[in-house]
Structures are given as C-alpha cells and as structure tokens.
Amino acid sequence: MLRSLVFGLGLLSATMLSHGAFAAGGRTLQIVVSKDKQSMVVYDGDQVVTKTRVSTGKAGHTTPSGIFSILEKRKYHESNIYSNAPMPWMQRLTWSGIALHEGVVPNYPASHGCIRMPGAFAKSLFDMTERGAHVIVSDAPVAPERIESANLFMPRKPLPKGPLLTDVELRAQAIDVSKKAEVAMNMRPENPALSHPADKPELEAETDGPPLRILITRRGDREMLIDIQHLLQEMGFDTGGSDGYLGPLTRSAIDGFKRWKGVPAGGGLLSAQFIDALYEAAGKEKPPAGQIMVRRNFQPMFEAPVGIKNPEIALGTHFFAVDKVDRGAESAEWTAVSLPHALSDATKKRLGITVEDQSTAAQIWERIEIPAEVREQIESMMTDGTSVTINDEGIGPETGKGTDFVTLTKPLARAVNAVATKEPSVRKVKPVRQSRQEVRRGMIGLY
Numbered sequence: 020m021l022r023s024l025v026f027g028l029g030l031l032s033a034t035m036l037s038h039g040a041f042a043a044g045g046r047t048l049q050i051v052v053s054k055d056k057q058s059m060v061v062y063d064g065d066q067v068v069t070k071t072r073v074s075t076g077k078a079g080h081t082t083p084s085g086i087f088s089i090l091e092k093r094k095y096h097e098s099n100i101y102s103n104a105p106m107p108w109m110q111r112l113t114w115s116g117i118a119l120h121e122g123v124v125p126n127y128p129a130s131h132g133c134i135r136m137p138g139a140f141a142k143s144l145f146d147m148t149e150r151g152a153h154v155i156v157s158d159a160p161v162a163p164e165r166i167e168s169a170n171l172f173m174p175r176k177p178l179p180k181g182p183l184l185t186d187v188e189l190r191a192q193a194i195d196v197s198k199k200a201e202v203a204m205n206m207r208p209e210n211p212a213l214s215h216p217a218d219k220p221e222l223e224a225e226t227d228g229p230p231l232r233i234l235i236t237r238r239g240d241r242e243m244l245i246d247i248q249h250l251l252q253e254m255g256f257d258t259g260g261s262d263g264y265l266g267p268l269t270r271s272a273i274d275g276f277k278r279w280k281g282v283p284a285g286g287g288l289l290s291a292q293f294i295d296a297l298y299e300a301a302g303k304e305k306p307p308a309g310q311i312m313v314r315r316n317f318q319p320m321f322e323a324p325v326g327i328k329n330p331e332i333a334l335g336t337h338f339f340a341v342d343k344v345d346r347g348a349e350s351a352e353w354t355a356v357s358l359p360h361a362l363s364d365a366t367k368k369r370l371g372i373t374v375e376d377q378s379t380a381a382q383i384w385e386r387i388e389i390p391a392e393v394r395e396q397i398e399s400m401m402t403d404g405t406s407v408t409i410n411d412e413g414i415g416p417e418t419g420k421g422t423d424f425v426t427l428t429k430p431l432a433r434a435v436n437a438v439a440t441k442e443p444s445v446r447k448v449k450p451v452r453q454s455r456q457e458v459r460r461g462m463i464g465l466y
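Start counting the sequence shown at 20; every next residue gets the next number (the numbering used here).
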C-alpha cells in the first residue's frame, strides 16, 4: 500500500514538472532504460525526474540497445504486426517498430521488442516529452554525468542576421574561395536514410531554435565516393552528381580517369592506386579520417570532414547533451553517457582499428579536430537540447528519412543477469473463456 502511494506521488510530481519545469517542451529530457534492471529513469540534465519499472523484449524479440529519439507520438495506436494489439501512449523509437507504450509489466522481459510501461507512468511520460527527446537503451544501468572539456561546443553571442560561411567549402578538397559553400548533405537517392536536403540551410544565429543533432564518426565509403565525384567533376568528368552513389556515370568517369592517367585496372574500381593518382592529379591532400554530420528537425543540414587523432584507436560510443545554454555569457553545461559496444574483428579490420578505446567521454574530445568554420557554424546555431553522438561505425541502419542519428550498440561478452532475463516457470492450464473486453485488455503491450 505504501509503495503504491509513493509511486503515485512520484507520478503526480512528474506530471507537475511536465507542465512547469518543462514548459520549453522537455527538450533537455533524457530517458534511460536498463534491460538488466528492467528499469527506466528520466533525467533532466543529470538530475533524476522520475523512474519506473519496465518490461523489454523477451528472448527472440530482444529490444535493441543504443541511442534513439522519439520519432512519433500517439495517444492510442494499434500494432500492425501483432494482431492490432493496443499500444496506448505510444512513443515511437524506430520506423521498424520499436516504441515506448503502456502495457503489462511483469518482473521480466516479456514484450515483442517494445518497452512496456505501467499505464499511469506511460501517460505521465507522454505528457512530458516532445518529438526528438532522446532515449538511451543499455544492458547495464548508465546515467548522464556532467563533463567539461575545452573542445566541447559552446554557444556564441548572436551575430548579425545573414548567411554564414558564404565562401567556405565544407568538403575534403582544398578550399577555393571563388566557389559558393557546399554544405548540403549528399546521400544515396534510393536509400531513405540518405535523402537530399535543401542545397543551403539557413545559417543565421539562433537563440531559441530547434536543437541540433550531431554525429561524429569515421569516414566511410560513402564520404570517400562523394569526394571522388567532386574531384572528377572538377577535371571535367561527368559523374551524374556527387551523391555518394556508384552509378553508371560515376563508374564511366572513374574508368575514363584510369585510362587518362594509365592507372592499372586491377585492385578494384576504387583501388588505392586510383585514389592516389586522383588526389595527385587534383593537387590536393587526402581528407582526414573523420566526418561530422548535422541534422535538425529530423532533416540533414550539412556535413564536413574532421580530424581524428590516433585513428587506429577505437572511438567508442558516447552520447553528449547540452543544457543551460547562455548565449550572452557564451556558456553551457554538457552531460555525457558512454555505452559499451563490441566491434567485430571484420569491422575493426575495415576501419583500421587495432587498439580498443579506453578514453572517458571527456577525453575523447581531445582526439577530435573540428575545423574552425564548422565549429563557428554549430556554435552559432546550438540551443538547449543539442546533442552529439560519437561512434566508430557511422550512420546506422535505423537512421533514415524523418529520424535523428540512431546508433545501435552490441553488448560486450559478459555473464547474463539471470534475475532480469529468466522468465518464471509456468505450468500449462486449461484455457478459459474471456469476454471481448478482457481479451482486448490482455493484448495491451503484446508488441
């Protein structure tokens, strides 16, 4: 009885906070779920707002771990996978079907992948959050902690209105001040995760705009190909655009360059000899090892190369969020959460990683080299709730059109928590007849 009373008062307090302290829309809230503990804790910065028990995915339907954000909210939703099972107070985390919602919450993982919450809590949380609020799902419990680093982004005083970086090219090649800035995110057209944004975002100084979503990661094949397309275009080859897509025109341009420079055909289309010859012919240095990508309102804004010191050392997976942004004082406070993530041997080989990451969240910033013009652009636009994810593997499969950057993590090898994962033994019982209302109620949270 006392426990129920305390829980009820906690919900009442959370609901009151949602209408008071979170009047700005709750953009600084972080929701942290532990699958080991079957628990959820809601933070504002590093302060606990409220908490509850949850039920995550059972064996065969494990809830994915990683860094997510709320993509969609519906007071009532029905699963389109599991017999139209009701999902009240649904807050979607992925377009593939993972969500927070009201449901039956036993003391073990029992869902088909979603995160079930008690009914009163689910409604309270629904009232607190807005689209874009971050949700971190881990195995062992984690919590945001305040950090300081001279390399973290800090807000700049408002600048005169007008475009920034009008003569800066945020690409890997050398800067040509006669050209207009190319800050659009060019991506594969057939992949909804890689859609074209506007050619040039509005870059006026922000004071209370939507928060930025930033990903810092290693450059991959897509980024390399975008740069190759740019260089070939500068030399007069037609690549059909600079979208990071290896289409027939790009293939033809690469073959034409190889014939022109006498590059051997062996070693694959994008051979090391071809890339060396291309940059030498262009008179430009190869790009650094990293890439920074920026989104806002679930849409790509711009991206640029960044340096990574000691690229043979893994970056790890870290999440950073900012609050208490004071543009006049050019100050802000950051929190960080580090998530364990196991890289496969094949991934390490592909990325050139030979040393495991041992850095703290604050120390990792000492390895990231962000160009001054990129830093200026971000610091002129950052607001409360702006976040940064740092990882090794780039854009994940759940990052797409209408999402923030979604990072999936794979737990390190460890002993399984038997208490949290073992379902109680049950004996077979004779089926009983239920009314339609009882059946409907029992279906809540099947997803």
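All residues carry an ideal CB built from backbone N, CA and C; glycine is no exception.
Asked                                                                                                                      : Found
Residues sharing a beta bridge with I311, DSSP                                                                             : I235, A323
Closest by C-alpha distance to V67, when choosing among T75, L48, T82                                                      : L48
Helix, strand or coil at Y62 [DSSP, three-state]                                                                           : strand
Exposure label - L431; buried when at least 16 CB within 10 Å                                                              : exposed
Nearest residue (CA-CA) to L231, options D342, D257, K70                                                                   : D342
The beta strand (DSSP E) enclosing L119, as first and last residue numbers                                                 : 118-121
Closest residue to E398 among A348, G335, A308 (Cα-Cα distance)                                                            : A348
Three-pair Cβ contact test at 8 Å for the stretch 280-288 versus the stretch 312-325                                       : no
DSSP beta-bridge partners of V356                                                                                          : F338
Nearest-angstrom beta carbon gap, L297 and L250 [assumed within contact, 8 Å]                                              : 6 Å
Integer-rounded CB distance, given that L427 should sit under 8 Å from P83                                                 : 6 Å
Exposure of N410, with buried meaning 16 or more beta-carbon neighbours within 10 Å                                        : buried
Cross-strand partners of D345 (DSSP beta bridge)                                                                           : S350
Contact between the stretch 412-426 and the stretch 114-123 (3+ Cβ pairs under 8 Å)                                        : yes
Cβ-Cβ distance between G371 and E331 below 8 Å                                                                             : yes
Nearest-angstrom beta carbon gap, H153 and P50 [assumed within contact, 8 Å]                                               : The identity of residue 50 in the sequence shown is Ile, whereas the question assumes Pro. The Cβ separation is near 7 Å, so the contact holds.
Assigned exposure category for P107 - 16 Cβ within 10 Å defines buried                                                     : buried
Residues that I155 bridges to, as DSSP identifies them                                                                     : V51, I86
First through last residue of the alpha helix (DSSP H) which encompasses I245                                              : 240-253
Contact belief for M59 with K70 at Cβ below 8 Å, rounded distance in angstroms                                             : 6 Å
DSSP state of I389 mapped onto helix, strand, coil                                                                         : coil
Neighbourhood of V344 by C-beta, 7 Å cutoff - its chain only, sequence neighbours within 5 removed                         : P174, A351, M401, T402, D403
For G151 and S74, the rounded distance between their alpha carbons                                                         : 22 Å
Selected residue, minimal CA-CA separation from Y95, among I311, L119, V393, A381                                          : L119
Status (buried if at least 16 other CB within 10 Å, exposed otherwise) for D218                                            : Only weak support exists for where D218 lies, its pLDDT of 40 falling under 50; the coordinates are left without a value.
C-alpha gap between S157 and T81, whole angstroms                                                                          : 12 Å
Spatial neighbours of A129 in its chain, beta-carbon cut-off 6 Å, leaving aside the 5 residues before and after            : S74, K77
Rounded C-alpha distance that separates I383 from W279                                                                     : 43 Å
Chain-order list of residues whose beta-carbon lies under 7 Å from that of G275 (same chain, five-residue window excluded) : F256
Backbone secondary structure at T440 - three-state DSSP                                                                    : For T440, the predicted model reports a pLDDT of 42, less than 50, meaning its position is unreliable and no value from the coordinates is stated.
Contacting residues, own chain, Cβ-Cβ under 8 Å from T148 (five flanking each side not counted)                            : G45, L48, I50, I89, K92, Q110
Between the CA atoms of E304 and K277 - distance to the nearest angstrom                                                   : 19 Å
Unbroken stretches of the alpha helix (DSSP H), 4 residues or longer, contained in the stretch 378-422                     : 380-383, 391-400
Nonlocal neighbours in the same chain, by C-beta distance under 7 Å from I389, ignoring five residues either side          : I311, V325
Enclosing beta strand (DSSP E) for I166 [first to last residue]                                                            : 164-166
Straight-line Cα distance separating L334 from S378                                                                        : 8 Å
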